[in-house]
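Numbered according to numbering that gives the first Met the number 0, the sequence shown terminates at residue 348, and the numbering increases by one at each position without gaps.
Beta carbons: idealized from backbone N, C-alpha and C, even for Gly.
See structure below.
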Amino acid sequence: MSDDVITLEGVWKIFGSNADAAMAAIRERGLSKADVLKEFSCVVGIADVSFSVKRGEIFCVMGLSGSGKSTMVRHLNRLIEPTAGKINVMGNDMLNLSDNDLRDMRANNIGMVFQHMALLPHRTVRDNVGFPLQVRGEPKSRRWEVSQKCLERVNLTGYEDRFPSELSGGMQQRVGLARALASDPDVLLMDEPFSALDPLIRRQLQDQFMALSAELNKTTVFITHDLDEAIRIGNRIAIMKDGRIVQIGTPEEIVTQPADDYVRDFVDGISKLKLVFAHSIMVPIGEYQPTRPVNFDDSPRAHHGTDLDQLIDIATSTENVIIITGDDGADIGVVDRATLLKGIQGGKA
0 MSDDVITLEG
10 VWKIFGSNAD
20 AAMAAIRERG
30 LSKADVLKEF
40 SCVVGIADVS
50 FSVKRGEIFC
60 VMGLSGSGKS
70 TMVRHLNRLI
80 EPTAGKINVM
90 GNDMLNLSDN
100 DLRDMRANNI
110 GMVFQHMALL
120 PHRTVRDNVG
130 FPLQVRGEPK
140 SRRWEVSQKC
150 LERVNLTGYE
160 DRFPSELSGG
170 MQQRVGLARA
180 LASDPDVLLM
190 DEPFSALDPL
200 IRRQLQDQFM
210 ALSAELNKTT
220 VFITHDLDEA
230 IRIGNRIAIM
240 KDGRIVQIGT
250 PEEIVTQPAD
260 DYVRDFVDGI
270 SKLKLVFAHS
280 IMVPIGEYQP
290 TRPVNFDDSP
300 RAHHGTDLDQ
310 LIDIATSTEN
320 VIIITGDDGA
330 DIGVVDRATL
340 LKGIQGGKA
């Protein structure tokens, strides 16, 4: 059984009345986005997007405004219909679902949190959180029980009877998250949910979301225009430009191995100290050629998952090299001061 919960294959979205003709021309003649606009008066929203998301993964999609990231995420629950391609969520071919089955997927399996959370102003916090359950026909007692548990998860106990207008922006965003969790979905789609908040509240909500995601094992596609946010919370990151995915990788891969100048510009100001690990910069122990005699027995050890920041701390307390160990405790590599400096600069040893 595949561990992939979400799979997109060659998904295109072209906006305009001549979208089908434009799609055919792209396939036949390889037209660019500018060519499609000029010849067909159509806009290419996303172009040939393919990726998969594993169970329990936080998959961040980032890019500048207009890159297609928000258009893309709305394809996953078919708020937007693709022009071409395949979309599979939890083993379901999303494009072949009946209207009833699609509504059922949205109500039970896919939760979505928007930047503007669209809380119902005339309903209390409790009733806003329980609204998805009301749509499903759950009795009030059940709705209130679930709402209470979800509000406890996002630290809003005591605010059940307040109205959205009585809450701060950060608190309203927590209500939106609680509402998405109320139906206990397998998949969460989050479209820049924290971008309108001030930095301190934003960081607090990021921490809370990461803790909830780990606890509940939710599969999440998280949209952001902020690379710092993507690096902080994402297991993997996809970077989009002009509707296309430029690169997919772990935060470490994105920072240390940018695919092109566009990605390189994005990561230029990012500190590598918490993102680059010993296994990326070490010299395999059998290949290490010391410039002076080295006593490996007296050298400090560090796990291959130790980050640069920790390696620097170790290096400042010894004149010896650092021996890198594998998961089984065996010596597998060496980091010396020259290797460490290359790692800090972003180069490979």
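Just to check, is the beta-carbon of R141 closer than 7 Å to a non-hydrogen atom of the ligand HEM?
As for the ligand HEM, it is missing from this structure, which has no ligand bound.
Using a Cβ-Cβ cut-off of 6 Å (strictly less than) and excluding sequence neighbours within five positions of L340, which residues of its own chain qualify?
If you number the sequence shown from 1, residue 340 lands on position 341. Hits under 6 Å: none found.
When you compare only the Cα positions, how much space is there between I200 and F295?
The residue you call residue 200 lines up with position 201 of the sequence shown. The residue you call residue 295 lines up with position 296 of the sequence shown. Going by the C-alpha atoms only, they are around 47 Å apart.
DSSP has K139 in a bridge; who is on the other side?
Here residue 139 corresponds to residue number 140 of the sequence shown, with the count starting at 1. Answer is none; K139 lacks a bridge partner.
May I have the straight-line CA-CA distance separating D306 from V43, to the nearest angstrom?
To locate residue 306, count along the sequence shown from 1; it is residue 307. To locate residue 43, count along the sequence shown from 1; it is residue 44. Their backbone Cα atoms lie some 40 Å apart in a straight line.
G242 and I45 - do their beta-carbons sit closer together than 8 Å?
Mapped onto the sequence shown, residue 45 falls at position 46. Mapped onto the sequence shown, residue 242 falls at position 243. For the 8 Å CB-CB criterion, I45 and G242 form a contact.
Separation of R173 from L155, as counted between CA atoms
Here residue 155 is taken as the residue at index 156 of the sequence shown, counted from 1. Here residue 173 is taken as the residue at index 174 of the sequence shown, counted from 1. Cα-Cα distance, rounded: 8 Å.
Count the other CB atoms within 10 Å of the CB of D171; is the residue buried (16 or more) or exposed (fewer)?
Taking the sequence shown and counting its residues from 1, one reaches residue 171 at position 172. Looking at the sequence shown, residue 171 is not Asp but Gln. If you draw a 10 Å sphere on the C-beta of Q171, you find 16 or more other C-beta atoms in it, and that means buried.
Measure the CB-CB distance between P184 and G110 and report whether it falls below 8 Å.
Within the sequence shown, the letter at position 185 stands for residue 184. Within the sequence shown, the letter at position 111 stands for residue 110. Contact: yes.
For the stretch 241-277, list the alpha helix (DSSP H) runs that are entirely contained and at least 4 residues long, ordered along the chain.
Complete alpha helix (DSSP H) runs here, min 4: 250-255 and 260-266.
What first and last residue would you give for the beta strand (DSSP E) that runs through V4?
Stepping through the sequence shown from its first residue, residue 4 is reached at position 5. Its beta strand (DSSP E) spans residues D3 to F14.
Applying the criterion that 16 or more other CB atoms from any shown protein chain within 10 Å of the CB defines a buried residue, is D126 buried or exposed?
Against the sequence shown, residue 126 aligns to sequence position 127. Counting every other CB atom within 10 Å of its CB across the protein chains shown gives D126 a total of 16 or more, marking it as buried.
For T315, tell me which candidate among E159, V334, D327 and A237 has the shortest Cα-Cα distance.
Position 316 of the sequence shown, counted from the first residue, corresponds to residue 315. Residue V334 holds the alpha-carbon nearest to the alpha-carbon of T315 among E159, V334, D327 and A237.
For V72, count neighbouring C-beta atoms within 10 Å of its own C-beta (all shown protein chains included) and say buried if the count is 16 or more, exposed if not.
Here residue 72 is taken as the residue at index 73 of the sequence shown, counted from 1. Under this definition V72 is a buried residue.
When burial is assigned at 16 or more other CB atoms within 10 Å of the CB, is H121 buried or exposed?
Indexing the sequence shown from 1 puts residue 121 at position 122. Its Cβ having fewer than 16 others within 10 Å, H121 is exposed.
Inter-stretch contact at 8 Å, needing at least 3 Cβ pairs: the stretch 26-37 / the stretch 186-204
Fewer than three Cβ pairs drawn from the stretch 26-37 and the stretch 186-204 lie within less than 8 Å of each other, which leaves the two stretches out of contact.
Could you check the C-alpha separation between V245 and A83 for me, to the nearest Å?
The sequence position of residue 245 within the sequence shown is 246, counting from 1. The sequence position of residue 83 within the sequence shown is 84, counting from 1. Distance from the CA atom of V245 to the CA atom of A83, rounded to whole angstroms, is 19 Å.
With distances taken between CB atoms, is the gap from G62 to M239 smaller than 8 Å?
Start at 1 with the first residue of the sequence shown, and residue 62 comes out as number 63. Start at 1 with the first residue of the sequence shown, and residue 239 comes out as number 240. Pairing G62 with M239 gives a Cβ-Cβ distance under 8 Å.
Please return the same chain residues whose Cβ sits closer than 6 Å to the Cβ of P163, not counting the five positions on each side in sequence.
Within the sequence shown, the letter at position 164 stands for residue 163. Taking P163 as the centre and dropping the five residues before and after it, the same chain places the C-beta of L118, P120 and Q171 closer than 6 Å to its C-beta, in chain order.
Quick one: is V186 buried, meaning 16 or more other Cβ sit within 10 Å of its Cβ, or exposed?
Locating residue 186 in the sequence shown gives position 187, counting from the first residue. It counts as buried.
Tell me whether the beta-carbon of S40 lies closer than 8 Å to the beta-carbon of N17.
Numbered from its first residue, the sequence shown carries residue 40 at position 41. Numbered from its first residue, the sequence shown carries residue 17 at position 18. Taking 8 Å as the Cβ cut-off, S40 and N17 qualify as a contacting pair.
Would you report the Cα separation of A23 and G90, rounded to the nearest angstrom?
The count along the sequence shown starts at 1 and reaches residue 23 at position 24. The count along the sequence shown starts at 1 and reaches residue 90 at position 91. Going from the Cα of A23 to the Cα of G90 covers about 28 Å.
Leaving out the 5 sequence neighbours to the left and right, which residues in its chain are closer than 7 Å to G325 when beta-carbon positions are compared?
Counting from one through the sequence shown, the residue named residue 325 turns up at place 326. Once the five neighbours on either side are set aside, the close Cβ partners of G325 are H303 and I331.
May I ask which residues mark the beginning and end of the alpha helix (DSSP H) holding L310?
Within the sequence shown, residue 310 is the residue found at index 311, counting from 1. For L310, the enclosing alpha helix (DSSP H) covers residues L307 to A314.
On the CB-based measure, 16 or more other CB atoms within 10 Å of its CB, does Q288 come out buried or exposed?
Position 289 of the sequence shown, counted from the start, is the residue given in the question as residue 288. Q288 comes out exposed.
Contacts around F14, its chain only, beta-carbon distance under 7 Å, and the 5 residues preceding and following it disregarded
Mapped onto the sequence shown, residue 14 falls at position 15. The residues are C41, V42 and G44.
Report, in whole angstroms, the separation of the C-beta atoms of T223 and R161, which I expect to be a contact under 8 Å.
Here residue 223 refers to the residue found at position 224 of the sequence shown. Here residue 161 refers to the residue found at position 162 of the sequence shown. Not confirmed; about 28 Å, so no contact.
Are I280 and A301 close, meaning C-beta to C-beta below 8 Å?
Along the sequence shown, one-based indexing puts residue 280 at 281. Along the sequence shown, one-based indexing puts residue 301 at 302. A distance of 8 Å or more separates the beta carbons of I280 and A301.
Contact under 8 Å by Cβ, N128 with M189
Taking the first residue of the sequence shown as 1, we reach residue 128 at position 129. Taking the first residue of the sequence shown as 1, we reach residue 189 at position 190. First, the residue type needs correcting, since residue 128 is Val and not Asn in the sequence shown. The answer is no: Cβ separation not under 8 Å.
Keeping to the same chain, check which residues put their C-beta closer than 6 Å to that of L180; ignore five residues upstream and five downstream.
Locating residue 180 in the sequence shown gives position 181, where the first residue counts as 1. The beta carbon of L180 sits closer than 6 Å to those of C149, all from its chain and outside the five residues before and after it, given in chain order.
Simplified DSSP state of S51, which is helix, strand or coil
Locating residue 51 in the sequence shown gives position 52, where the first residue counts as 1. The three-state secondary structure of S51, taken from DSSP, is strand.
Could you please give the first and the last residue of the uninterrupted alpha helix (DSSP H) stretch that includes M104?
As a first step, residue 104 must be located in the sequence shown, where it is residue number 105. Annotation for M104: the continuous alpha helix (DSSP H) segment containing it runs D98 to N107.
DSSP state of I79, grouped into three classes?
If you number the sequence shown from 1, residue 79 lands on position 80. If DSSP states are grouped into helix, strand and coil, I79 belongs with coil.
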